[in-house]
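Protein chains in written order, with our numbering: chain A, 465 to 856; chain B, 561 to 670.
Structure (structure tokens):
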């Protein structure tokens, strides 16, 4: 057992990255990610972490440096939020297509404008199709555990893909939580040394990021899509190994109180903590309600979601981003698409809430449940969504 | 000046590039593990006009060789310079730069 201490989640995340013995950190500070990279810079400056900290001039450069160092065979970490992710967007896609196992923590924050430093999921939804493995965590312990998990999966030779850990800005980054640090021996046992599938080295020259002619491009993209899909069993394996070591098993889709549930909430990230408490309260009041938490966003866990909602009459999908002019929130659109045509598929209602850090409390979730339940026997249109709490 | 490139057997490995690999045949991340294979690629296909040298006006200065952006001009055994039509894209920079205007761009149709 490692020691359990009360600590700011960002500091614990940085300590986890240091314990993972990262070689290169390239990052530009942006709220609410700042404390993570600040602490890493301190660890390097004080000689506690033997790594290169590259204080780049922009996020575009941060991801470019990350690509270069990963291609050279260095364990590489970067970290950003919102506008920073938007600025590095071009290289985010390239990192995945070159299959570079970079790990990035995305401290989720809304995209401008108007300018907002607070938390929602509009940043990550803008790179939904970037080709990275994308996971969501709901508390500080999960952040710590997923740093080790992310490097293990990314660098697995059968995977060799970059990983985004989505961690809600402020709701997680700036909270002080009880976190059990791993022992260094546990980290060493779980996370082997990085041996890249291919690397830039003068002894065996290769070219990365080559031109793709129309003749080959489709095949290259199919191979990339398949590689991301094929990473799922390795992701599950890495979570199983983590469970053997630490006793807590993470899954692509996790459920709470769904056994006899008629209605389930479906959400990602720190909202699941609040939702668990809301479920407890509603259960006490005799409601048959449960919670389905999506941990793995990419590759999309279709089978696990189907399994989780089997026998359920209604799914309330919580989105924390708007797909402007779209058929619903980004998560709800995918869930509707995934369940369309399934026998006895549940009805789906979609609530967009918690934009730019607006509080959504237990009471709010209970209200959403009551509203949604009233529509249990209605036919809800596929493109219907409600922006919860908006002042009319 | 290197003259070795003309010795390269054109299309020797071309089969590997122009063949139609399935997605399963492609390596991790579309990495090229055969450095320098771009010389197998025939850019001469792009050309709509080709440089023709009037040797009677040529002073063998090599300015065409220096300015060619694709290094497609080679020195011949008799000391003159000529375009390697396997690579020459027909941009016309050599004709533009030539001191004696001995290079004429001739449309490929003619």
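C-beta atoms are modelled at their ideal positions from N, C-alpha and C, and glycine is treated no differently.
Because the structure is a prediction, the values reported are computed rather than measured.
- At the C-beta level, residue 676 of chain A and residue 721 of chain A stay beyond 8 Å of one another.
- Here residue 630 of chain A is near residue 588 of chain A, since their CB atoms are less than 8 Å apart.
- Under the criterion of beta carbons closer than 8 Å, residue 597 of chain A and residue 627 of chain A qualify as touching, at roughly 4 Å.
- Between residue 526 of chain A and residue 564 of chain A, the gap from beta carbon to beta carbon reaches 8 Å or more.
- Measuring C-alpha to C-alpha distances from residue 638 of chain B to each of B:619, B:629 and B:588 identifies B:619 as the nearest.
- Annotation for residue 491 of chain A: 501, 526, 542 and 543 place their beta carbon closer than 6 Å to its own, counting only its chain and skipping 5 residues before and after.
- Of the residues A:704, A:497, A:672 and A:623, the one whose Cα lies closest to the Cα of residue 694 of chain A is A:623.
- In the structure shown, residue 688 of chain A falls within a helical segment according to DSSP collapsed to helix, strand and coil.
- 661, 662, 669, 670, 671 and 672: these are the residues of the segment 657 to 672 of chain A whose beta carbon lies less than 7 Å from some beta carbon of chain B, given in chain order.
- Relative to residue 843 of chain A, the option among A:776, A:663, A:812 and A:751 whose CA is nearest is A:812.
- In the DSSP assignment, the residues bridged to residue 611 of chain B are B:665.
- For residue 632 of chain B, the number of other beta carbons within 10 angstroms of its own is at least 16, and it is reported as buried.
- According to DSSP, residue pairing for residue 621 of chain B in a beta bridge does not occur.
- Contact note: residue 588 of chain B reaches chain A through 563, 624, 661 and 662, using a C-beta cutoff of 7 Å and chain order.
- Taking C-beta atoms as the reference points, residue 799 of chain A and residue 781 of chain A count as a pair closer than 8 Å.
- For residue 548 of chain A, the uninterrupted alpha helix (DSSP H) run begins and ends at 546 to 561, by DSSP.
- Only buried fits residue 783 of chain A, as 16 or more other CB atoms lie within 10 angstroms of its CB.
- One thing to note: residue 757 of chain A has its Cβ within 8 Å of the Cβ of residue 718 of chain A.
- Proximity of the segment 633 to 642 of chain A to the segment 561 to 579 of chain A meets the contact definition, three or more beta-carbon pairs being nearer than 8 Å.
- Shown here for residue 482 of chain A: same chain residues with a beta carbon closer than 6 Å to its own, the five before and five after excluded, namely 507 and 513 in chain order.
- Assigned with DSSP and collapsed to three states, residue 654 of chain A falls in helix.
- The beta-carbon distance between residue 477 of chain A and residue 658 of chain A, rounded to whole angstroms, is 19 Å. This is too long to meet the 8 Å contact definition.
- Residues of chain B whose Cβ lies closer than 7 Å to the Cβ of residue 687 of chain A are, in chain order, 583 and 586.
- Note on residue 666 of chain B: under 16 other CB atoms within 10 angstroms of its CB, so exposed under the neighbour-count rule.
- The count of Cβ pairs closer than 8 Å, one atom from the segment 640 to 649 of chain B and one from the segment 620 to 631 of chain B, reaches three, so the stretches are in contact.
- At the C-beta level, residue 727 of chain A and residue 806 of chain A stay beyond 8 Å of one another.
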